[in-house]
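Asker: Okay, so the sequence shown: first residue is 340 according to this note's numbering, each after it adds one. Note that CB positions come from ideal geometry on N, CA and C, so glycine has one too.
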Amino acid sequence: MKVKTLELINYRNYSHCKISFADGLNILTGQNAQGKTNLLESLVYLSLSRSYRMNEDAKLIQHEKEYGKISAIYEDESEKNIEAILYPHGKTLLYNHQLVKKSSEFIGLLNVILFSPDDLSIFQDAPRERRKLINQEITKISSKYLNSLNRYQNLLKNRNILLKEKQVDLNYLDTITEQMIEEASIIIQKRKQFIDQINELLTNYYQQLASEKANLKIKYLSCIEETANPKQALQELFQNNIQRDLETSVTNVGIHREDIRFELNDVDITEVASQGQKRMILLVFKLALLEYIEKNTNKKAILLLDDVLSELDDEKQRHLIEMIQNVEQCFITATKIPKIIQNQPYTHYYVDNGMITKMKEANDE
Ligand SMILES: Nc1ncnc2c1ncn2[C@@H]1O[C@H](COP(=O)(O)OP(=O)(O)OP(=O)(O)O)[C@@H](O)[C@H]1O
Ligand SMILES: [Mg+2]
340 MKVKTLELIN YRNYSHCKIS FADGLNILTG QNAQGKTNLL ESLVYLSLSR SYRMNEDAKL
400 IQHEKEYGKI SAIYEDESEK NIEAILYPHG KTLLYNHQLV KKSSEFIGLL NVILFSPDDL
460 SIFQDAPRER RKLINQEITK ISSKYLNSLN RYQNLLKNRN ILLKEKQVDL NYLDTITEQM
520 IEEASIIIQK RKQFIDQINE LLTNYYQQLA SEKANLKIKY LSCIEETANP KQALQELFQN
580 NIQRDLETSV TNVGIHREDI RFELNDVDIT EVASQGQKRM ILLVFKLALL EYIEKNTNKK
640 AILLLDDVLS ELDDEKQRHL IEMIQNVEQC FITATKIPKI IQNQPYTHYY VDNGMITKMK
700 EANDE
């Protein structure tokens, strides 16, 4: 799929901009703090129905304005319109001018994958952030997953409230636990599928990008051992922990405590990888996500690379550009046109103080 036009009104430092984008490589250049990342962020907003940089929508609305709007026309088989209107206390999501009430029905309509240098903290962050990441990516291809996740979270909240009562109703506790196990087994299965599919690609991609003979994989740190019968394993898990849960008044085990770990040659990358290696690991993970989305939705996602090239050496830059040749549409931000791009077809946009201007079409000399 590809974004044909994007319109921003009162979004971050954009008062009003409307711009059409090209297939293939779109390079956005500009000085620092001019709005390059803001523009990518607006596309991510349309993909996820929220910002990846900010929890509060109110902060995305331009200072002193009452609302903000992001709208895009994108093409995936046919042309579609997608829109988010942000208010200080809420938002309205529209697809082809129709109101979309549930964000689970909105997420992933426009599918974008972003590489942002801010994401590099993901390896060191608390497990919650890595769970958020995998939840976000699986949700893009499966609304069933998000529904299970939401139901599980509600049940978990109720279970924890129950565990805090003076006299815990054990029958009710059982009922909630049973329902949680139903949802958890769906979630575990989807998480496993996701990790398996990504793992099929990671080593190969990493070797292409890094020119380094190393195996890269994601290890799923699940709450249960791998088994043909996850429900039974979950029942045993909850059963074995019920006493502890009652004593501590909280649910100690379950999919809300799971994690993933990136491993280079079977060693946790936080122990061995350099900054540059971490950057490449994150990049190949994002490239694998592109393929994962294509495989599961038959649609190519749009790739957004924020400030990626300046931190890679020349050889790695060349490898990256080779690896993204088949991407239908890609946005790359940089302070100036990277040398490596100069002999590629690309369309150049210049971003200056919340305004964007097309400078060169891909087929211009
Ligand atoms: N709600 C808002 N209203 C107005 N301006 C905002 C708002 N939020 C952020 N900005 C402005 O947007 C600018 C930052 O834009 P952005 O992060 O897109 O920069 P950039 O072009 O990516 O820069 P760099 O090259 O440094 O990454 C800042 O000057 C900031 O003040
Ligand atoms: Mg930026």
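#1: Quick one: is the Cβ of K375 within less than 7 Å of any heavy atom of ligand 2?
#2: Determine the burial state of K655: buried for a count of at least 16 other Cβ atoms within 10 Å of its Cβ, exposed for fewer.
#3: Along the chain, where does the beta strand (DSSP E) containing V383 start, and where does it finish?
#4: Any heavy atom of ligand 1 closer than 7 Å to the beta-carbon of V690?
#5: Beta-carbon separation of L709 and I563 under 8 Å?
#6: Buried or exposed, going by whether 16 or more other CB atoms sit within 10 Å of the CB of G615?
#7: Give the DSSP-derived three-state secondary structure of F445 in the structure shown.
#8: Roughly how many angstroms lie between the CA atoms of I537 and N635, to the nearest whole one?
#9: Does the Cβ of T368 lie closer than 7 Å to at least one heavy atom of ligand 2?
#10: For ligand 3, is there any heavy atom lying closer than 7 Å to the beta carbon of T344?
#11: What's the call for D584, buried or exposed, on a 16-neighbour Cβ count within 10 Å?
#12: Straight-line CA distance for L540 to E586?
#13: Say yes only if the C-beta of D645 is nearer than 7 Å to one or more non-hydrogen atoms of ligand 2, and no if none qualify.
#14: At what residue ranges does the stretch 630-689 contain a whole run of the beta strand (DSSP E), taking only runs of 3 or more?
#15: Once the 5 residues before and after S487 are set aside, which same chain residues still bring their CB inside 6 Å of it?
#16: Whose C-beta lies closer than 8 Å to the C-beta of M662 among residues of the same chain, with five residues either side of it excluded?
#17: Leaving out the 5 sequence neighbours to the left and right, which residues in its chain are closer than 6 Å to L433 when beta-carbon positions are compared?
#18: Output needed for H355: all residues of its chain with C-beta closer than 6 Å, excluding positions within five of it in sequence on either side, in chain order.
#19: Just mark A567 as buried or exposed, buried being the case when its beta carbon has 16 or more other beta carbons within 10 Å.
#20: What I want to know is whether the C-beta of T672 ends up closer than 7 Å to one or more non-hydrogen atoms of ligand 2.
#21: Give the DSSP bridge partners of D607, in chain order.
Answerer: Result, derived from the coordinates:
#1: Because some heavy atom of ligand 2 lies under 7 Å away, the Cβ of K375 counts as near it: yes.
#2: Buried, since its Cβ has 16 or more Cβ neighbours within 10 Å.
#3: In this chain, V383 is not harboured by any beta strand (DSSP E); it is covered by the alpha helix (DSSP H) spanning 375-387.
#4: For ligand 1, at least one heavy atom lies less than 7 Å from the Cβ of V690.
#5: What the structure shows of the chain is the stretch from 340 to 704, and residue 709 is not part of that stretch, so it cannot be assessed.
#6: Burial call: exposed.
#7: The DSSP-derived three-state label of F445 is coil.
#8: Computed Cα separation, rounded: 12 Å.
#9: No heavy atom of ligand 2 is found nearer than 7 Å to the CB of T368.
#10: Looking for ligand 3 in the displayed structure turns up nothing; the ligands present are ligand 1 and ligand 2.
#11: By the 16-neighbour rule on beta-carbons within 10 angstroms, D584 is buried.
#12: One C-alpha to the other measures close to 44 Å.
#13: Yes, since a heavy atom of ligand 2 falls inside the 7 Å radius drawn around the Cβ of D645.
#14: With a minimum length of 3 residues, the continuous beta strand (DSSP E) runs that stay inside the stretch 630-689 are 641-644, 668-673.
#15: In its chain, beyond the 5 residues on either side, E522, I525, I526 have a beta carbon closer than 6 Å to the beta carbon of S487.
#16: Closer than 8 Å at the Cβ level, and outside the excluded window around M662, lie Y544, Q547, L548, L626.
#17: These residues qualify, in order along the chain: E422.
#18: Hits under 6 Å: I348.
#19: Around the beta carbon of A567, a 10 Å sphere encloses fewer than 16 other beta carbons of the protein chains shown; the residue is thus reported as exposed.
#20: Within the cutoff, so yes.
#21: Paired residues: E602.
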